[in-house]
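*Asks:* Before anything else, here's the structure in question.
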Amino acid sequence: MILSTSDIDNAIASMPLWCRTTCNGIPVIRLSFRAKNFSAAMSLLNEIGEIAEAEGHHPDLHLTNYRDVGVLLYTHSVKGVTPIDIAVAKLIEQVL
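For the sequence shown, the residue numbers in the numbering used here are -7 to 88.
Laid out in structure tokens, this is it:
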């Protein structure tokens, strides 16, 4: 089930590092985070990778400027944000 924009906004309201946006015309939720340094950024990406593997739901991960972490979550098969994306975002929140 693809979530509406208001459902997405309500779901991420308590997660201030996440926002609703689009990527190539597809609704997504995005986390933007500046890590302390490269090592901390890589550790975070590895933790997110472990969450993704455990949940069987894989976000798009980005590292730029050696410590700026970006995470895009959406359900690729339906090209939208679904409850599983919100659930994975909440798990990622726990490791920030």
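For glycine and all other residues, C-beta sits at the position ideal for the given N, C-alpha and C.
From a predicted model like this one, the values you see are computed outputs, not experimental measurements.
How is isoleucine 4 classed by DSSP in three states: helix, strand or coil?
*Replies:* Three-state DSSP puts isoleucine 4 in a helix.
*Asks:* Could you check where the alpha helix (DSSP H) with isoleucine 40 kicks off and where it finishes?
*Replies:* Looking at the DSSP string, the run of the alpha helix (DSSP H) that includes isoleucine 40 is 30 to 47.
*Asks:* If you draw a straight line from the C-alpha of alanine 44 to the C-alpha of aspartate 1, how long is it?
*Replies:* Looking at the two C-alpha atoms, the distance is approximately 22 Å.
*Asks:* On the three-state DSSP scale, how would you describe proline 75?
*Replies:* Helix at proline 75.
*Asks:* Assign serine 24 to one of three DSSP states: helix, strand, or coil.
*Replies:* Strand, per DSSP.
*Asks:* Exposed or buried, what is aspartate 89 when buried is set at 16 or more other beta-carbons lying within 10 Å of its beta-carbon?
*Replies:* Nothing about residue 89 can be reported from this structure: the residues present for the chain run from -7 to 88 only.
*Asks:* Leucine -5 by DSSP, collapsed to three states: which one?
*Replies:* Correct three-state label for leucine -5: coil.
*Asks:* Identify, in the order they occur along the chain, each residue of the same chain with its Cβ nearer than 7 Å to the Cβ of aspartate 60, setting aside the five sequence neighbours on each side.
*Replies:* Arg26, listed in sequence order.
*Asks:* Would you kindly work out how many angstroms separate the C-alpha atoms of alanine 46 and tyrosine 58, rounded to a whole number?
*Replies:* Cα to Cα, the separation comes out at about 26 Å.
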